[in-house]
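Worksheet: the structure to be examined is printed underneath.
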Amino acid sequence: MRSRSGSGVRLDRLMYVVEQTILKYQNPITGLYTNLDSPDHAWLRDNLYATHALWAMYRAYQKSADVDEDLGKANELGLSCVKTMQSLLECMMRQSDKVEQFKLYQRKSDALHAKYSARTKGTVVGDNEWGHLQIDAISFFALFCFSFSVGLVKAALQALNDVGDLFGDGSKGSVIHVLPDQVQQCSAVLTSMLPRESFSKETDMALLSVISYPAFAVEEQNLIQLTRETVISTLLGRYGCRRFLRDGYKTPLEDPSRLYYNNSELQQFEDIECEWPLSICFLMLDAMFSGDESAAEQYWRMMESITVVRNGLRLVPELYRVPYDKMMQEKQQRGSQDRDAVGAIPFLWAQALYIVCCLLHDGFLTPAELDPLNRRLAAYEKHPPCEVQVSILAETVEVQEDLLAQGISVQNVNEIDVFSVQPASTFAQILLGECNKLRLSGRPINREVGVLSTSKLYQLGQKFVIFTPQFMDQERSYLTYDIRILMNEWSSELQYIYSTWNNTSISGRPLIVLIVTKNMLEDVKSDDAFYTDFHMRASVVGTIKKIATGYIGGARVVMKNISDFFRTTAVSKLEFHNELIQELLDEKEKETSHRNLPTSGNLETNSVKNRDECYSFIRKTSMRHRSIMLDSSDQGKYEIDSEKICRWDATQMDEMSTSDLIELLTATNVLDEQASVVHYLWIKKGPDFDVKLNNMEGATVRALTEEIYSKACESRDWALIRLSSGLLKRQLDELSKSVTHLLVRQKQITVGMPSKNEEPITSPKTREELHQIFSRAYGGDPNCYALSQEIIVSLGSLVRTEPRLFVEMFRIRIGLIIQVLASELARLSNISGVHASQKLLQLSPFEIKSMLFSLLSGRLLEDFSDDARTAAKEYRIGMCSVRKQIEERKSVRKSMHQSSMASDEEAEADAEDFQFGIWLRHRRIDGALNRVPPDFYSLLWDTVRRFPRGLSINGIVLHWGFTQEMTRRETKFSLQVEEVLNQIAEPEYREMIVETLSLLNRMDSLLKTNNPNICHDQPFEVDSVLHEANKLFVEHNKYMETIVMECCGSGKHCDGAQGLCQHFYDSAPAGEYGTAHYLIKALMEILSPRD
1 MRSRSGSGVR LDRLMYVVEQ TILKYQNPIT GLYTNLDSPD HAWLRDNLYA THALWAMYRA
61 YQKSADVDED LGKANELGLS CVKTMQSLLE CMMRQSDKVE QFKLYQRKSD ALHAKYSART
121 KGTVVGDNEW GHLQIDAISF FALFCFSFSV GLVKAALQAL NDVGDLFGDG SKGSVIHVLP
181 DQVQQCSAVL TSMLPRESFS KETDMALLSV ISYPAFAVEE QNLIQLTRET VISTLLGRYG
241 CRRFLRDGYK TPLEDPSRLY YNNSELQQFE DIECEWPLSI CFLMLDAMFS GDESAAEQYW
301 RMMESITVVR NGLRLVPELY RVPYDKMMQE KQQRGSQDRD AVGAIPFLWA QALYIVCCLL
361 HDGFLTPAEL DPLNRRLAAY EKHPPCEVQV SILAETVEVQ EDLLAQGISV QNVNEIDVFS
421 VQPASTFAQI LLGECNKLRL SGRPINREVG VLSTSKLYQL GQKFVIFTPQ FMDQERSYLT
481 YDIRILMNEW SSELQYIYST WNNTSISGRP LIVLIVTKNM LEDVKSDDAF YTDFHMRASV
541 VGTIKKIATG YIGGARVVMK NISDFFRTTA VSKLEFHNEL IQELLDEKEK ETSHRNLPTS
601 GNLETNSVKN RDECYSFIRK TSMRHRSIML DSSDQGKYEI DSEKICRWDA TQMDEMSTSD
661 LIELLTATNV LDEQASVVHY LWIKKGPDFD VKLNNMEGAT VRALTEEIYS KACESRDWAL
721 IRLSSGLLKR QLDELSKSVT HLLVRQKQIT VGMPSKNEEP ITSPKTREEL HQIFSRAYGG
781 DPNCYALSQE IIVSLGSLVR TEPRLFVEMF RIRIGLIIQV LASELARLSN ISGVHASQKL
841 LQLSPFEIKS MLFSLLSGRL LEDFSDDART AAKEYRIGMC SVRKQIEERK SVRKSMHQSS
901 MASDEEAEAD AEDFQFGIWL RHRRIDGALN RVPPDFYSLL WDTVRRFPRG LSINGIVLHW
961 GFTQEMTRRE TKFSLQVEEV LNQIAEPEYR EMIVETLSLL NRMDSLLKTN NPNICHDQPF
1021 EVDSVLHEAN KLFVEHNKYM ETIVMECCGS GKHCDGAQGL CQHFYDSAPA GEYGTAHYLI
1081 KALMEILSPR D
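Just so you know, the UniProt record's numbering puts 1034 at position 1034 of the sequence shown, and the rest follows in order with no gaps.
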């Protein structure tokens, strides 16, 4: 017998442990590992980690082989790994039909199963009999093939990109192409969610596998440290980490016959949750990969102390449980009681990780050898923004010459010989990825293609293809007809590429191709008085010149011809179904549209200004559908109605026969008149009524409305566009993408009008599901149907490039935002609520987005008149002295009674008059945006827990029981609070409630040490605090003889929401005369102990 080195002997001993604790449970035929509790059940996760341990042993034997037998063992271990992975792949391939269903509906019942039969590779439980939606296990399978939760998905996507079958011997058609936008989407989820695990868990032990081995999915060192510290401080005990707070699994109080518990039952498990030694393995691996030797040694000693020794083998148990007779002592002082090892011993998942830890601790492997893809380095390597390469192309020679006259030299599309420029829609068809053998249809063609994916060169056979961004596709939605918003999109997308490209691990620089079309240089002038007249040509030329300077929207760019970027651009090869691709690229046919309505050489359209004075029946009839209402403090609440002068009175239209209406339709070529008649027919006859225009069949009202929509897009009549789009129930192609952008950043959405038919969107939806939601929310309001989509698209764009604007916002109420926009427009233009709502619908999408940005950034728009021309100005809210404001109000009040004033004094009074309403509007905006202060929800959780009957807000109770069902920082509690606050119709009153709760949250000294007067038999009325504070405010201001004397101070009716004085809403939060001063006095009076 040949001698063995010391390391070889130790490795053989470890191999014996592997044989007795892991290989012992492997099925010799399928290679799958079974679970101790269920002899035929092969858990996907257990099998993957067991295989990973064997792969680590395979690497160790390869590295430390003393004799030929060692290489034989290595080969045997390697083939065992392959066998297991092939069997797991076959198990999942048998469920390919589920993949098709999951793509469509994302139902849990359509998820791939989490465990299979180790003997037959079939399923062992039904679709609804187990929690099969475990994407971390599926992702770890993908990651392990080529090297929990969203983190493992991101890691798997990055590892899979441009890789073929196992060991790289697959065909060209088996290469997997991962779109970088999907990786970035996962990254956005992680960044916004960590250290939380989900809405229902404020943190989770499984996050250790996301921030460190095996996923290494987080690149931000600060976020990794925060997540690690949160898990350790919240979950770590003597025997390992709890999985999550209030985890009842295998505790003495658990009912094994139940799969789930009600929320109200979860508090009974607090402080007695089982502790998992598995987490110590993860913590040790994390310490070793991060180079923290002292922490690694500490966790190693901890691991040695909690393993169970049987027959000379160290076994890692599944978990440690508090004995039943020691539960009360443990609840009183967590960690004081000894625990018993229960569950599977050894626990296959934990035992496999223990083997890996042994290999690292004994020096058989280094961290680098366990991470061949070097994913661990992502957190330590700097990722500076990448310079974006931009190539501008002219659609035609005429456009090229036009730009040259402006001093901009670009190529036209026909001058590009080496490269083929194609739209993103073609790229979507190329990426189909169907497989007839598995009955997989591939990637849905209508699914979004992100801008990162179209910022690369693609080699298809001998041809190089570059795809234009999808937002340049003019057939997608009417937003592309607004050149200003298109230019804004250019800027924001370049900024997005600049900041995220290096995070996607792509070799090479991004290249984005932008095409200037003829219609982008048309000189269409707007007569809208809200914004300065703007020429489209100037917008396009100005944007291109900014790009040429090398800096736009905060992004560094360089502008050249495509050929100049060939050596520096990222290139990806697409080598599958070449013949089909070639046919697709060669296809040049374009659909032509047939016009039914009469038209002239120059389509006649009335300007916004003139339209107010001439025929505009469509404005009047469309009001029957609108539901925009202004804020409570405006003079009354208005359902939109129109008082505009029409050539034909509504009653005259009602008296006309259908043939007369059709004759009117054929007699005019004015778009507004055509739209008026068509819309009237839609209301009276329905969309499927055939008008038989020009004696031709098939000219239905719906078809004519489609044509009205097309003509309105060409003439950029935004009110007509929105109305016709809403009637046709058109959905913006950007909508689903924008909804996803908001949701992955933990921003939920509600659509519909406040307190009426609001409907939440809490998870990504398909186009069909979004259509149903919007139809229910805006079934009778086509204008808001379209406008709300625009707002969501704008918010989705802003949340990517300006995430700071959305801090402390959990739920965005689109209906309230529309109301605030209309209210601000009425104030700026000094018009009635009716006309402001009409004007809002006439604004371009760019103007809507600009107003949204101003509101989100905490600014107010203010206008100043000059020669009947109005310009937009952003007014930054500033903190002013409340005492000065009161003195100013007193002087203004007195000055109103003077019979004459000098002209300069009048001007000064006007300037001061503007100050009135600043804080009211500020509260109204923050209330509409659902903004709250930092740590608001966690502090409110503490407050609710102190009141046995909970808090009553606007008649709705925030129950004490919620604190028993949900933990302090659980997102579900935050959403529950939002459910209560969202029942408040008036945004300014909602904001005052938030201010009251914030003060109540911080009244610890009052509530704890002064024996407060808390009622134990009914909820605490938060509204009563506000009304008491308002009473104190009015009395104090009566004594001060301020402007309050003109309303509440003299007993007159005040227009403030919920009966509060409008000047109370308009007071600053802080200061001697601020709302906080009166709220604190009210709280002290209500909660002071009674003698």
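C-beta atoms are modelled at their ideal positions from N, C-alpha and C, and glycine is treated no differently. Keep in mind it's a predicted model, so treat the numbers as computed, not measured.
Within the DSSP bridge table, the entry for CYS435 names LEU440 as partners.
Boundaries of the beta strand (DSSP E) harbouring PRO760: 759-761, taken from the DSSP string. Distances from the CA of SER715 to each of ILE483, ASN930, LEU816, PHE565 were compared; the closest alpha carbon is that of ILE483. Check the Cα spacing between GLU759 and each of ASN982, ILE445, THR120: the tightest is with ASN982. DSSP, reduced to helix, strand and coil, places MET809 within a strand of the structure shown.
The closest CA to that of GLU270, considering only LEU770, ILE29, LEU235, LEU440, is found on LEU235. Looking at the DSSP output, HIS41 shares a beta bridge with SER117. About 6 Å separates the CB atoms of LYS765 and VAL739; that is less than 8 Å, so the two are in contact.
ALA928 and GLU790 have their alpha carbons spaced roughly 17 Å apart. Sorting ILE721, GLN746, GLY833 by C-alpha distance to the C-alpha of ALA786 places ILE721 at the top. Taking the C-beta atoms as reference points, SER117 is found nearer than 8 Å to ALA42. For THR750, the uninterrupted beta strand (DSSP E) run begins and ends at 748-751, by DSSP. The DSSP-derived three-state label of MET559 is strand. Contact annotation: the segment 437-448 does not touch the segment 547-558, with fewer than three C-beta pairs closer than 8 Å.
Per DSSP, the unbroken beta strand (DSSP E) holding ARG310 starts and ends at 308-310.
Taking VAL977 as reference, the option from MET302, ARG800, ASP942 with the minimal CA-CA separation is ASP942. The segment 349-358 makes contact with the segment 9-22: 3 or more CB pairs, one atom from each, lie closer than 8 Å.
Secondary structure of GLN983 (DSSP, three-state): coil. DSSP, read as helix, strand or coil, puts TYR249 in coil. Between the C-alpha atoms of TYR680 and ASN669 there is a straight-line separation of about 17 Å. From the listed residues LEU48, ASP717, ARG107, the smallest Cα separation to SER87 is found for LEU48. Restricting attention to SER294, GLU706, TYR324, PRO346, the CA atom closest to the CA of VAL316 is found in PRO346. For PHE464, the enclosing beta strand (DSSP E) covers residues 463-467.
With the rule of 3 Cβ pairs closer than 8 Å, the segment 281-301 does not count as touching the segment 328-344. Contact between the segment 383-395 and the segment 357-365 is absent, with fewer than three C-beta pairs closer than 8 Å.
Selection SER420, GLY542, THR996, ASN436 evaluated against LEU457 yields SER420 as nearest (Cα-Cα).
Inter-segment contact for the segment 942-961 and the segment 981-996 is present: three or more beta-carbon pairs are separated by less than 8 Å. The Cβ neighbour count for LYS692, taken over all protein chains shown within 10 Å, is under 16; the residue is labelled exposed.
Check the Cα spacing between CYS91 and each of GLU847, LYS115, ASP12: the tightest is with LYS115. Listed as beta-bridge partners of GLN389 by DSSP are LEU511, VAL558. In the three-state scheme derived from DSSP, where H, G and I count as helix and E and B as strand, GLU1021 is classed as strand. Only residues of its own chain outside the window of five on either side were considered, and among them LEU1060, CYS1061, PHE1064 have a CB closer than 7 Å to the CB of ASN1030, listed in chain order.
Going by DSSP, PHE102 is part of the alpha helix (DSSP H) stretching over 96-105. Contact between THR996 and LEU1079 is confirmed by a C-beta separation of about 6 Å, below the 8 Å threshold. About 6 Å separates the Cβ atoms of MET809 and ARG931, confirming a contact at the 8 Å cut-off.
Assigned with DSSP and collapsed to three states, ALA295 falls in helix.
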